[in-house]
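K.L.:
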Amino acid sequence: MLPSGWTKNVLIEFNEYGLITNVSLKPNEAAQKTVGILLPSPVNVHSHSFQRAMAGLTESRGPNPTDSFWTWRKLMFRFLNQLTPEHIEKICAFVQMEMLEAGYATNVEFHYLHHQPGGTPYEQLAEMTNRIVAATLSSGIGLTILPVHYQYGGCNKSKLGEGQIRFGNTLERFSLLLEECRKSLKFLPKDSNSGLAAHSLRAVGQEDFPELVTLAGNSPMHMHLAEQVAEVEEVLEVWGKRPAEWAVENLPINSQWCLIHCTQMLPHEVKVLAATGAIVGLCPITESNLGDGIFDGLNWLKNGGTLAIGSDSNIRISLSEEIRTLEYSQRLRDKSRASLATEDKSTARRIFDEILTGGAKAANRKTGEIKVGKWADLISLDENHTNLIQAEGDTILDCFIFSSDDNMVKDVWSAGRHQVKNGQHINRENIICDYSKVIRELGELI
């Protein structure tokens, strides 16, 4: 799938760094690897890798009949107090392996678990980042690391709760942490990069945003925004505006920003935020799991907004299911079919194109197209899969997204690194062994 459309008999070459150097439509030489269906790989724009180890553990209802995101949040805080740097490294490697096997070539890690239980920094301030880097070396995924500033427990600048103190930094200490995180990237391939994140309006003081924007420079700037009703109500009560309204009026939001979730926006907020050029990072599986609400994808796209996709809590890592869940949420809300399709693009093709573009922008990564000068972030689909019999053009994507699972993914390259072969990660056995040991150990502690 080239920028010009579906094309047959194409030779793609890339250099030792993983940059595409040639796309020939009439190849006159044999390729080292022949594939039947080749797609650009989307970026996973939002992940908290450590939460993968909680998957399936919070699905029972407690004594509170209105069990919600905030109940889940309490359980998450209790869980993370058991996590060591060694645990984080093994969990992250497993998560990144699953991402690659699902078809993602890049992981944007929204990284806020910085310190020891009790909130004391590690001897190496960026110890947890170093562990994520080590995991990335094991998995081979492309990494965009986003150290997260998280200082307060609410809009009124309340102190961090017991479950939050491992996240906390003053702005001064965060700037030091950010510097150390950036240094750690020297151990990774050239395609990896960094950005910066403000956790949310609740966790950052209004007066600190200008300094955070300065620290970000030209790198990606991410933030959770308007995810939960309670968040909207708190920001409105304390700051006098709804989250999206306040952000647009008070922050220099542009295409450098990726705002995560935005499931609680009103129609006029959708229009105004779309006009800023910001990317909205949607995580439909997690948003469904937590009951966040349904993003207004139809009006967002009608207003020229840009989308990207992430796996967030990693309750389930599936590229095809994230896209499918997004589309089905629009259909259920509007009682319609093919909600995000256009006259010239099928549903899957429209969403896939959107997240390729949005993901590349959100990660500030040269990706999203099979084109000279871009990273060789590529997915090969199994052309012999039963669901692809007779499929051509955009129907290939529709079958991949709506009638199958990620088991249709055959090979994945991240910046030219061939990490998934015949549907399995090349280090799968060792990564799973290490992860299994961590889960057993955590099971004894919780």
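Mapping the sequence shown onto this note's numbering, position 3 (from 1) lands on 79, and the numbers just tick up by one. From the three backbone atoms N, C-alpha and C, an ideal C-beta is built for every residue, glycine too. All values derive from a computational prediction rather than experimental measurement.
1. For N460, which of helix, strand or coil comes out of DSSP?
2. Around the Cβ of F155, are there at least 16 other Cβ atoms within 10 angstroms (buried) or fewer (exposed)?
3. List the DSSP bridge partners of M299.
4. Measuring CB to CB, does K452 end up less than 8 Å from I96?
5. Answer yes if the region 245-264 comes into contact with the region 218-225, meaning at least three C-beta pairs across the two stretches below 8 Å, and no otherwise.
6. Which value, in whole angstroms, describes the spacing of the CA atoms of R493 and Q172?
7. Please tell me whether G179 and L358 are closer than 8 Å, where the distance is taken between their beta carbons.
8. Classify F197 as helix, strand or coil using the three-state DSSP reduction.
9. Within the region 416-467, note down every full alpha helix (DSSP H) run reaching 4 residues or more, in order along the chain.
10. Taking buried to mean at least 16 other C-beta atoms within 10 Å of its own C-beta, is K486 buried or exposed?
11. Identify the continuous beta strand (DSSP E) that holds N183 and give its terminal residues.
12. In this structure, how does DSSP classify P360 when only helix, strand and coil are distinguished?
13. Could you say which of I427, Q282, I361 lies nearest to E398 if we only look at CA atoms?
14. Under 7 Å: does the beta carbon of C257 sit that close to some heavy atom of the ligand ATP?
15. With distances taken Cα to Cα, identify the nearest neighbour of S479 among L464, W489, E468.
16. Give every residue of the same chain whose Cβ lies closer than 7 Å to the Cβ of A211, excluding the five residues on either side of it in the sequence, and list them in chain order.
17. Just reading off the alpha helix (DSSP H) that G373 is part of, what are its end residues?
18. For D410, I'd like the list of residues in its chain whose CB is within less than 8 Å of its CB, leaving aside the five on either flank, ordered along the chain.
19. Using a C-beta cutoff of 8 Å, does I217 count as contacting chain B?
20. Using only alpha-carbon positions, find the residue among T382, S251, F371, R249 that is nearest to E403.
21. Indicate the three-state DSSP secondary structure (helix, strand or coil) for Q495 in the structure shown.
22. Decide if F263 is buried, meaning its Cβ has at least 16 other Cβ atoms within 10 Å, or exposed.
23. Quick one: grab the DSSP three-state call for G244.
24. Over the uninterrupted alpha helix (DSSP H) stretch that includes A323, give me the two end residues.
25. Could you pull the DSSP bridge partners for G132 from this structure?
26. Near L115, which residues of its chain fall below 6 Å by C-beta distance, leaving aside the five closest residues on each side in sequence?
27. So L272 and A292 are in contact, right, with Cβ under 8 Å, and what is the actual spacing, rounded?
28. Per DSSP, V488 is paired with what?
29. Find out if the Cβ-Cβ distance for the pair V305, Q340 is shorter than 8 Å.
30. Tell me whether the beta-carbon of L253 lies closer than 8 Å to the beta-carbon of G244.
31. Would you mind giving the Cβ-Cβ distance between A424 and D458, rounded to the nearest angstrom? I have them listed as a contact below 8 Å.
32. Could you please give the first and the last residue of the uninterrupted beta strand (DSSP E) stretch that includes A384?
33. Can you check DSSP and say which residues form a bridge with I96?
34. So Q158 and L432 are in contact, right, with Cβ under 8 Å, and what is the actual spacing, rounded?
35. Following the continuous alpha helix (DSSP H) through V308, name the residue where it begins and the one where it ends.
36. Using beta-carbon positions only, say whether L327 and H225 come within less than 8 Å of one another.
P.N.:
The short version:
1. DSSP places N460 in coil when its eight states are reduced to three.
2. The residue is buried, with at least 16 neighbouring Cβ atoms inside 10 Å.
3. Paired residue(s): A274, L335.
4. Here residue 452 turns out to be Ala, not Lys, going by the sequence shown. Yes. Within cutoff.
5. Yes, they touch.
6. Each residue's Cα considered, the two are about 14 Å apart.
7. Pairing G179 with L358 gives a Cβ-Cβ distance that is not under 8 Å.
8. Reading off the sequence shown, one finds Pro at residue 197, where the question assumed Phe. Residue state for P197 is assigned as coil, using DSSP reduced to three classes.
9. 423-439, all fully within the region 416-467.
10. It counts as buried.
11. First-last of the beta strand (DSSP E) with N183: 182-187.
12. In this structure, P360 counts as helix in the three-state DSSP scheme.
13. Of I427, Q282, I361, the smallest CA-CA separation from E398 is found for I361.
14. Because no ligand of any kind appears in the structure shown, any question about the ligand ATP cannot be addressed here.
15. If we check each option's Cα against that of S479, L464 comes out closest.
16. So the list reads E165, C168, A169, Q172, once near-sequence residues are dropped.
17. Unbroken alpha helix (DSSP H) run through G373: 373-378.
18. Sequence-distant partners of D410 (beyond 5 residues in either direction) whose C-beta falls short of 8 Å from its own C-beta, in its chain, are L374.
19. Among the protein chains of the structure shown there is no chain B, as only one such chain exists.
20. For E403, the closest C-alpha among the options T382, S251, F371, R249 is that of F371.
21. Three-state result, Q495: strand.
22. By the 10 Å Cβ count, F263 comes out exposed.
23. It is coil, neither helix nor strand.
24. Per DSSP, A323 belongs to the alpha helix (DSSP H) from 319-326.
25. In DSSP, G132 forms no bridge with anything.
26. Close CB contacts of L115 within its chain, under the 6 Å cut and outside five residues either way in sequence, are with M77, I455 (chain order).
27. That pair is a contact at about 4 Å.
28. Residue pairing by DSSP places V488 opposite I455, V496 in a beta bridge.
29. Result yes, Cβ atoms of V305 and Q340 sit closer than 8 Å.
30. No, the pair does not count as a contact, with Cβ atoms beyond the cut-off.
31. Not really, about 17 Å apart at Cβ, beyond 8 Å.
32. Start and end: 382-385.
33. DSSP links I96 through a beta bridge to F90.
34. With a Cβ gap of about 38 Å, Q158 and L432 do not count as contacting.
35. 305-315 is the span of the alpha helix (DSSP H), which, as asked, contains V308.
36. No.
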